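Trainee: Which chain is which? The protein sequence lines are B and G, in order.
The working numbering numbers the first residue of the first sequence as 1 and each following residue consecutively.
The working numbering numbers the first residue of the second sequence as 1001 and each following residue consecutively.
Idealized CB from N, CA, C, for every residue including glycine.
Quick caveat, the model's predicted, so the values are computed rather than measured.
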Amino acid sequence: MSDNSPTSGKQLVTMTVNGEQTEVAIEPRRVLLDVLRHDVGLTGSKKVCEMGDCGACTVHLDGAPVYSCLVLGIECAGKKVDTIEGLAKGNQLDPIQQAFIDHDAFQCGFCTSGQIMSLKALFEDSPKPSDEQIVTAVSGNLCRCGAYQNIVKAAQAVRDEAKPETRNDD
Amino acid sequence: MNTPINNSIAADMGAAMQDNVSEDQSVVSRRGFLLSSAVAAGGLAIGMYLPSRADARPGMANVMQNAGGEGVFAPNAFVRIAPDDTVTVVIKHIEFGQGPYTGLSTIVAEELDASWSQMRADAAPADADTYKNFAFGTQGTGGSTAIANSYEQMRKAGATARAMLVAAAAERWNVAVSDVSVSNGVVSATANTATFGELAADAMRQNPPKKPTLKDPANFKLIGTNLPKLDSRIKTTGKAIYTLDQYPDNVVTAVIEHAPQFGATLKSFDAAEALKQPGVLAVKAVPQGVAVYAENTAAALKAKQSITASWDSNKAETRSSEQIRADFSKAARKPGLVAVSNGNVDQAINDAANIDKGRTLDVEYFHPFLAHAPMETLDAVIQRQGKNVVSWLGSQFPAADQKAIAKVMGVSPKNVTLNTQFAGGSFGRRAQPGAPFAAEAAEVAKAFGGDRPVKLMWTRDNDIRGGWYRPLTVARLRGAVDASGNITAWDETIATQSITQETGMDSGKQLDPKVVEGSKDLPYGIKNHRVTAHQLNTGVPVLWWRSVGHSHNGYHTETFIDQLLEMAGKDPVAGRMALLGDHERHKGVLQRVADMASWSGTHANDGRMRGVAVHKSFDSYVAQIHEVSIGNDGLPKVHKVWCAVDCGVAVNPNVIAAQMEGGIGYGLSAILYNAVTLQAGGKVLESNFDQYRSLRIHEMPAVETSVIKSAKAPTGVGEPGLPPAGPAMANAWRALTGNAVSSLPFTATANASARRKNTTGASS
Chain B
1 MSDNSPTSGK QLVTMTVNGE QTEVAIEPRR VLLDVLRHDV GLTGSKKVCE MGDCGACTVH
61 LDGAPVYSCL VLGIECAGKK VDTIEGLAKG NQLDPIQQAF IDHDAFQCGF CTSGQIMSLK
121 ALFEDSPKPS DEQIVTAVSG NLCRCGAYQN IVKAAQAVRD EAKPETRNDD
Chain G
1001 MNTPINNSIA ADMGAAMQDN VSEDQSVVSR RGFLLSSAVA AGGLAIGMYL PSRADARPGM
1061 ANVMQNAGGE GVFAPNAFVR IAPDDTVTVV IKHIEFGQGP YTGLSTIVAE ELDASWSQMR
1121 ADAAPADADT YKNFAFGTQG TGGSTAIANS YEQMRKAGAT ARAMLVAAAA ERWNVAVSDV
1181 SVSNGVVSAT ANTATFGELA ADAMRQNPPK KPTLKDPANF KLIGTNLPKL DSRIKTTGKA
1241 IYTLDQYPDN VVTAVIEHAP QFGATLKSFD AAEALKQPGV LAVKAVPQGV AVYAENTAAA
1301 LKAKQSITAS WDSNKAETRS SEQIRADFSK AARKPGLVAV SNGNVDQAIN DAANIDKGRT
1361 LDVEYFHPFL AHAPMETLDA VIQRQGKNVV SWLGSQFPAA DQKAIAKVMG VSPKNVTLNT
1421 QFAGGSFGRR AQPGAPFAAE AAEVAKAFGG DRPVKLMWTR DNDIRGGWYR PLTVARLRGA
1481 VDASGNITAW DETIATQSIT QETGMDSGKQ LDPKVVEGSK DLPYGIKNHR VTAHQLNTGV
1541 PVLWWRSVGH SHNGYHTETF IDQLLEMAGK DPVAGRMALL GDHERHKGVL QRVADMASWS
1601 GTHANDGRMR GVAVHKSFDS YVAQIHEVSI GNDGLPKVHK VWCAVDCGVA VNPNVIAAQM
1661 EGGIGYGLSA ILYNAVTLQA GGKVLESNFD QYRSLRIHEM PAVETSVIKS AKAPTGVGEP
1721 GLPPAGPAMA NAWRALTGNA VSSLPFTATA NASARRKNTT GASS
């Protein structure tokens, strides 16, 4: 714990992060994003706009996608928080992650965790989404690099269970 | 404990074959060898290398420190071959999405005849000489030069390593060098085979060839193919570590309040309220503003809000954007420093207007200040460690940043370790010749004192309001078309701010080539051609923004030619083609894009129209056709873009296509929506993405890219996709609505929005 401020005002909060019971002592004003990154050590979710405009901090709270910059840490007491770090099962990537690799669906990578988590929520609700549903699901996820086209391709590949085009990867 | 961490070199497409532990172990050993072998190879100041965060758990750090470099083959400063067969390329360019980790590794792997799955990449340390960019003469990334300047160097680095592996094999098997072949990471001769790792130790003892033999490009196996990017796996699993993700033990979170106007300075501040708040450690004045130090982000941000500061704006820029525009506009009414002057433009325009029944066109263009607004704002972690300083930041000019940090901290540059991090975008923002951000981060660390690591994080409003913008630019273009439909005159006057003079790279008053790039070299054969420029000062710091001078000059030249061609009764494609003379590569991409789109004029189906543009920048040639309709908001909706690019040898076609798409999306965002607006008094209006918006995924057009096959040396791709995007869209919009938008962005221009009622049936 790196917060050395007086413990008065902190609350002990237990949440299930990526399947693990996690206890943090946090001030009520701190947002989930900051708690995940600073206290829990999960830095895959990114801080970009801090106003719910860009989606780079998207995680799942009890299975639903939320902007973790707009959720207070204490609101998550007793709840299930899932982040990009929990998506792969051991070495087995989630099909969305694999599709992002296959289709180069990122450039700088800073928005990627949020894009994947938004799509993950979509696929859990509707395994065969329409193109329009795909685009709507990630319309709140900004990508300044403009990797959008490949993000859509990756999501379509997951839906269609398509094999990637042959590539020279030995 | 948390330890400052670096990304695994194994930016790990190969990791799928390994479990996480062995992957991490391989990182451990490679970390060690990179350090030791690099030092052995050239006494390089390699930074502290530690494994990815997953490894940086209690007990792991020691494992890291003790990892040795036994048996590692380090033929030069760029290639490391380990006993485990991994080949690590030390990358002298920062990776922020434009692909140098993959690109430079591809070139090495090609000449080495390595298997792609054994390739790894890692950031080079700060070293202005060893890792210099040949385009700059110092270490740095920018100007779309990563592949272009590294191509021969990486080929030689790979070929040298290959030759030494072959020599080692020949010696071991007692065969002639000419009998040894290398393919897919395996060295063989007659019945003998060996992997690179098996030969690494012996290879180290061989003499490097004086002049390594390079492959005939006809025999390339990897270059020109779509390889999986080396940073794919860590960037899709949340493991990639950026500066923002560094939480070393005992880290102090710092935020900063800047002056509200450019050039204003701090008079006084009151932090009494802030200092009472839990978690707040200190509030200090620094030359760049007021720094707030806290135990976490929430405490720092809350404290920043409760500080009252007063500023001296005597020397500040207090003009509004509107006033600056008026001043620039006034200057642009008269010619400035001459870049080109052929024939007599005044005479030709006068003749067209008054004598030979021709027509003239006179348009003033306005290009606003633009912020780069990368996803990751500027940030840095700086820690004093005794007489040394260690820093982590997404540095585009590492040697300059290292020097700036050293100066502020009062140590020698050699005592400053700079760990270049992945960066969440840049678009030019981190390319700072004078290192103002590194200096600011160092001032903030120094003012706190002690030896705790200090992490300065800019907020989004620091970013949008932080200056170093694409310069505000006014351009006046005059043209003439004679009665026979020939374009007889082109007179362009650009009023802008010089970036090289702003950044201190050029203190003179001579013409800055970046101001007139893309205009001076207008490829169209127009007999009377003049381009001049006024380099005007403002108090607003400016910087290169994706495609630099081309970002404004590309827009106005390609929309202006389109209008002149219409006046001349010419088709936008055929008319350009006829004027391109012997500019074969311009013509090549234009023809290709016309073929891709089956161009037959501006008309398209479904209420859409098409526009075209072609522009050369960073030695690459790009042509685009955009198909556009009127969106529900009355603004252009771009449905489809065809894009042809000639960038010489296409090292990574997938990366090239991605950069074209990115340039188009970034460019359209700016042209349609973006401006940084100085209000009366000089304060910036916009502060976050709600007022400085980008294309969203549902607004991104479908882009189809075709890369011209070429054997010429590779040229840039990070920026050249942008300049034609705006004008191609705007030309389609003019065809659709009759509105020629000359004042940007579209959202700020009254005539940009179509009145749907008057334009229905535009396509019929």
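1. State the DSSP-derived secondary structure class of Ser1617 (chain G), mapped to helix, strand or coil.
2. Could you list which residues in chain B have their beta carbon closer than 9 angstroms to that of Phe1618 (chain G), in chain order?
3. Go ahead and label Leu12 (chain B) buried or exposed: buried means 16 or more other beta carbons lie within 10 angstroms of its beta carbon, across all protein chains shown.
4. Do Leu87 (chain B) and Ile116 (chain B) have their C-beta atoms within less than 8 angstroms of each other?
5. Assign Ala1191 (chain G) to buried or exposed, taking buried as 16 or more other Cβ atoms, counted over all protein chains shown, within 10 Å of its Cβ.
6. Does Arg144 (chain B) get closer than 8 angstroms to chain G when you measure Cβ to Cβ?
7. Could you name the residues of the region 1451 to 1463 of chain G whose beta carbon sits closer than 9 angstroms to any beta carbon of chain B, in the order they occur along the chain?
8. I'd like to confirm the pairing. Which residues does DSSP put opposite Val1638 (chain G) in its beta bridges?
9. Going by the CB atoms, is the gap between Pro1636 (chain G) and Leu1672 (chain G) shorter than 8 angstroms?
10. Which residues share a DSSP beta bridge with Thr16 (chain B)?
11. Is it true that the CB of Met1457 (chain G) sits closer than 8 angstroms to the CB of Ala56 (chain B)?
12. For the alpha helix (DSSP H) holding Tyr1151 (chain G), just list the boundary residues, first then last.
13. Taking Ala1352 (chain G) as the reference, give the member of G:Pro1212, G:Asn1553, G:His1367, G:Asp1482 with the closest Cα.
14. Among all the DSSP beta bridges, which residues are the ones paired with Glu1257 (chain G)?
15. Using a beta-carbon distance cut-off of less than 7 angstroms, what residues from the region 1256 to 1284 of chain G approach chain B?
16. Skipping 5 residues on each side, what residues in its chain have a beta carbon closer than 7 angstroms to that of Trp1116 (chain G)?
17. Are three or more beta carbon pairs between the region 1324 to 1334 of chain G and the region 1707 to 1721 of chain G nearer than 8 angstroms?
18. Quick one: is Val48 (chain B) buried, meaning 16 or more other Cβ sit within 10 Å of its Cβ, or exposed?
19. Judging by CA-CA distance, which residue of G:Gly1343, G:Gly1143, G:Cys1643, G:Thr1417 is the nearest neighbour of Lys1527 (chain G)?
20. Report yes or no: is there a C-beta of chain G within less than 8 angstroms of the C-beta of Ile74 (chain B)?
21. List the residues that DSSP assigns as beta-bridge partners of Ile1494 (chain G).
22. Does the region 1642 to 1650 of chain G come close enough to the region 1575 to 1594 of chain G to have 3 or more Cβ pairs within less than 8 angstroms?
23. Between which two residues does the beta strand (DSSP E) holding Ser1183 (chain G) run?
24. Using a Cβ-Cβ cut-off of 8 angstroms, state whether Leu1703 (chain G) counts as contacting chain B.
25. Alpha carbons only, please: which of G:Ser1144, G:Ile1697, G:Ile1382 is nearest the one belonging to Phe1437 (chain G)?
26. Quick check: what's the CA-CA separation for Ala1298 (chain G) versus Arg30 (chain B)?
27. Label Ala1264 (chain G) either buried or exposed according to how many other C-beta atoms from any shown protein chain fall within 10 Å of its C-beta, with 16 as the threshold for buried.
28. Using Cβ-Cβ distances below 9 angstroms, what residues of the region 1409 to 1437 of chain G are close to chain B?
29. How would you label Gln1246 (chain G), buried or exposed, when you count the other beta carbons within 10 angstroms and need 16 or more for buried?
30. Reducing DSSP to helix, strand and coil, say where Pro1374 (chain G) ends up.
31. Near Val1292 (chain G), what residues of its chain come up, given a Cβ to Cβ distance below 6 angstroms and the 5 sequence neighbours on each side ignored?
32. Within its chain, find whatever has a CB closer than 8 angstroms to the CB of Arg1162 (chain G); leave out the 5 residues flanking it on each side and keep chain order.
33. If Ser118 (chain B) sits next to Asn141 (chain B), beta carbons under 8 angstroms apart, how far is it from one beta carbon to the other, in whole angstroms?
34. In angstroms, rounded to a whole number, what distance separates the CA positions of Gly1197 (chain G) and Gln1153 (chain G)?
35. I'd like the list of long-range same chain contacts for Ala1194 (chain G), defined as Cβ closer than 7 angstroms, with 5 residues on each side in sequence excluded.
36. How close, in whole Å, do the beta carbons of Leu1543 (chain G) and Arg1460 (chain G) come, if the pair is a contact with beta carbons under 8 angstroms?
Mentor: In short:
1. Strand, per DSSP.
2. In chain order: nothing, as chain B lies at least about 18 angstroms away.
3. With fewer than 16 Cβ atoms within 10 Å of its Cβ, Leu12 (chain B) is classed as exposed.
4. Ile116 (chain B) sits close to Leu87 (chain B), with the two beta carbons spaced by under 8 angstroms.
5. With fewer than 16 neighbouring CB atoms inside 10 Å of its own CB, Ala1191 (chain G) falls in the exposed class.
6. So, interface residue.
7. Under the 9 angstroms Cβ criterion, the region 1451 to 1463 of chain G contributes Met1457, Thr1459, Arg1460.
8. In DSSP, Val1638 (chain G) forms a bridge with G:Val1628.
9. Result yes, Cβ atoms of Leu1672 (chain G) and Pro1636 (chain G) sit closer than 8 angstroms.
10. Thr16 (chain B) pairs with B:Gln21, B:Lys80.
11. Going by C-beta atoms, Ala56 (chain B) is not nearer than 8 angstroms to Met1457 (chain G).
12. Its alpha helix (DSSP H) spans residues 1146 to 1173.
13. The residue with the shortest Cα to Cα distance from Ala1352 (chain G) is G:Asp1482.
14. DSSP, once it has assigned bridges, lists G:Val1290 as partnering Glu1257 (chain G).
15. Correct list: Pro1278, Gly1279.
16. Around Trp1116 (chain G): Ala1109, Leu1222, Leu1227.
17. Contact between the region 1324 to 1334 of chain G and the region 1707 to 1721 of chain G is absent: fewer than 3 CB-CB pairs across the two stretches fall below 8 angstroms.
18. Residue burial is scored here from C-beta neighbours: Val48 (chain B) has at least 16 other C-beta atoms within 10 angstroms and is therefore classed as buried.
19. Closest option to Lys1527 (chain G), Cα to Cα, is G:Gly1343.
20. Taking CB atoms only, Ile74 (chain B) has no neighbour in chain G less than 8 angstroms away.
21. Ile1494 (chain G) pairs with G:Ala1475, G:Ala1533.
22. Touching, yes.
23. Here the beta strand (DSSP E) through Ser1183 (chain G) covers 1181 to 1183.
24. In the sequence on display, residue 1703 (chain G) carries Val and not Leu. Interface residue, yes.
25. It is G:Ile1382.
26. The straight-line gap separating the alpha-carbon atoms of Ala1298 (chain G) and Arg30 (chain B) is approximately 6 angstroms.
27. Result: buried.
28. Closer than 9 angstroms at the C-beta level to chain B, one finds these residues of the region 1409 to 1437 of chain G: Phe1422, Ala1423, Gly1424, Gly1425, Ser1426, Phe1427.
29. The residue is buried, with at least 16 neighbouring Cβ atoms inside 10 Å.
30. Looking at Pro1374 (chain G) - three-state DSSP - the assignment turns out to be coil, as it is neither helix nor strand.
31. Closer than 6 angstroms at the Cβ level, and outside the excluded window around Val1292 (chain G), lie Val1255, Val1283, Ala1300, Ala1303, Lys1304.
32. Short of 8 angstroms from the beta carbon of Arg1162 (chain G), and not among the five residues preceding or following it, lie these beta carbons of its own chain, in chain order: Glu1111, Leu1112, Asp1113, Val1182, Pro1212.
33. Your pair Ser118 (chain B) and Asn141 (chain B) checks out as a contact, with CB atoms roughly 5 angstroms apart and the cut at 8 angstroms.
34. One C-alpha to the other measures close to 23 angstroms.
35. Here the set comprises Ala1169, Val1187.
36. Taking 8 angstroms as the upper bound for CB-CB distance, Leu1543 (chain G) and Arg1460 (chain G) are not in contact here, some 18 angstroms apart.
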